[in-house]
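Single-structure report; data block below.
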Amino acid sequence: MSLAQSIANLTQQAAALLALPTQLAAQFTAGRDALETLYNSRLSAQSVGIYVNGVSGSDLNKGATSPTAVRTIHRAIALIPPGGVGEIVLETDIILT
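Here you go:
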């Protein structure tokens, strides 16, 4: 191998090494983005909105809509899946004791 070939090979290897941090950063970013997408999709599957109406609601209902409101805040909390996120919509005044 000539000196010129050795220098060319070393130059190629140096360029590959210098590009490595950029390649690793791109792989990390792609993996992070995929994980974030998966997390958000699973979180949204665990997110619920529950309506509470202390006058016309029933704790036998699912609370997913205004006409199917539950009666108590306790029932609304129980309908939130473990590890999930819930938005509780109060349609009437409630008294916390």
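Position 85 (the sequence shown) corresponds to 272 in the working numbering; numbering is contiguous.
Ideal Cβ placement from N, Cα and C applies to all residues, glycine included.
Keep in mind that this is a model prediction, so the values were computed, not measured.
Euclidean distance between Cα positions of S228 and S243: 34 angstroms
Opposing strand residues paired with S234 [DSSP bridges]: V272
Contact under 8 angstroms by Cβ, A272 with V239: The residue asked about is misnamed: residue 272 is Val in this sequence, not Ala. No.
Short Cβ contact (8 angstroms threshold) for E278 with S245: no
Nearest to H261 (by Cα), restricted to the options A203, L207 and L283: L283
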